[in-house]
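Enquirer:
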Amino acid sequence: MIAPHDFARIAADPLLARIEEAGLNATSTSRQLLYDGWLLRFSPGKAKRARCVNAIAPARLPLADKLAYAHGLYAEHGLPLCFRITPFTQPLTLDAELAAHGFAQEDDTRVMAGALDMPPAVPPVVGILGIGATLDAVDAIEFAESVGQLRGSPPEQRAAHAKRLAESPHRALRVAITHDSVPVCAGQCILEGPLA
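If you read the sequence shown in numbering that gives the first Met the number 0, its first letter stands for residue 0, the second for the next number, and so on.
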C-alpha cells in the first residue's frame, strides 16, 4: 500500500495523472454521474472501478450530506457504496474521513506502468498453442463472456461487462486462451493516444 505522504508526490506527476485518467476512461460506463467532485458509477458488472465512487475533484458540500446522497443512489441501483482511493483522490484526507464514518479498507489494487517500445498489437500467432490450447482475438462480447466464465460471474454481470466494453470509445485489443473450448485466460489492452 502506498504511504499517504507519497500521495501528493504521485498526484503531482503529469504522466501518472494522465495514466489515472486513461484508466478511468477505459472503464467508463453509461451509468454514471458527477456529483460535487465525485464520479459515481453504477455498472451492475463485477469490476469495482465501474461501480464505485471516484473522488476526482475538490468538494464544496459537507461529507455527511454527500454520503447520504450516495448511499441512496447506490441503494436504488442495488449496489453497495464503495470508494476507490488513489493518490489522485480529492481531498487527500478522504480515506481517513471515510474511516471516521465507518468505512473500512477492502482491497489493495495496484496500477503499474512501464514504457513500451512500440504499441501493442494482437499477437501474430493466433491459433493452436499446443497442449490443446488456442489463442484467439475476440470481440467485446466474447471477451466479457470469457472473463465471466473465469470469474464465475452471473449472466447479468457478463452482459453489463460486454455492454460497457462495446460502448467504449477506445480502440481495444482483446484475446482469450481456451483449452477444449473452455477459457483459461483472457486479457485486453485499451489504447488511448500514446497510452496502452
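In this text, a Cβ means the ideal position worked out from N, Cα and C, and glycines have one as well.
Would the stretch 147-154 count as touching the stretch 172-190 if we require 3 or more Cβ pairs under 8 Å?
Expert: Yes, the stretch 147-154 is in contact with the stretch 172-190.
Enquirer: Is there contact between the stretch 84-99 and the stretch 10-19, where contact requires at least three CB pairs shorter than 8 Å?
Expert: Taking 8 Å as the limit for Cβ pairs, the verdict is that the stretch 10-19 does touch the stretch 84-99.
Enquirer: I189 by DSSP, collapsed to three states: which one?
Expert: Strand, per DSSP.
Enquirer: For S29 versus A159, is the C-beta distance shorter than 8 Å?
Expert: No, these two residues do not count as a Cβ contact at 8 Å.
Enquirer: Once you ignore the five residues that flank A132 on each side, which residues in its own chain have a CB closer than 8 Å to its CB?
Expert: Counting only Cβ-Cβ distances below 8 Å, and skipping sequence neighbours, we find I176, T177, H178, V183.
Enquirer: What would DSSP say about A143, mapped onto helix, strand or coil?
Expert: Note: A143 maps to helix in three-state DSSP.
Enquirer: How is the beta strand (DSSP E) around R40 delimited, first residue to last?
Expert: Element bounds for R40: 37-40.
Enquirer: Would you give the residue range spanned by the beta strand (DSSP E) that R173 belongs to?
Expert: Where R173 is concerned, the enclosing beta strand (DSSP E) stretches over 170-178.
Enquirer: Please list the segments of the alpha helix (DSSP H) lying wholly inside the stretch 55-109, counting only runs of 4 or more residues, in order along the chain.
Expert: The stretch 55-109 contains these whole alpha helix (DSSP H) runs: 62-75, 93-99.
Enquirer: Would D94 pass as a contact of L60 if the rule is Cβ separation under 8 Å?
Expert: Not a contact, by the Cβ cut-off of 8 Å.
Enquirer: Could you give the C-beta distance for R163 and G44, rounded to a whole number, given that I count them as a contact under 8 Å?
Expert: That belief holds up - the Cβ atoms of R163 and G44 are roughly 6 Å apart, short of 8 Å.
Enquirer: Looking at the unbroken beta strand (DSSP E) that takes in L33, where does it start and where does it end?
Expert: Where L33 is concerned, the enclosing beta strand (DSSP E) stretches over 31-34.
Enquirer: Note down the Cα distance separating A49 from I130, rounded to an integer number of angstroms.
Expert: Rounded to whole angstroms, A49 to I130 spans 36 Å at the Cα level.
Enquirer: DSSP state of L194, grouped into three classes?
Expert: Residue state, collapsed to three classes: strand.
Enquirer: In three-state DSSP terms, what is P182?
Expert: Strand.
Enquirer: Kindly identify the DSSP beta-bridge partner or partners of V52.
Expert: DSSP output for V52 lists L39, F82 as bridge partner(s).
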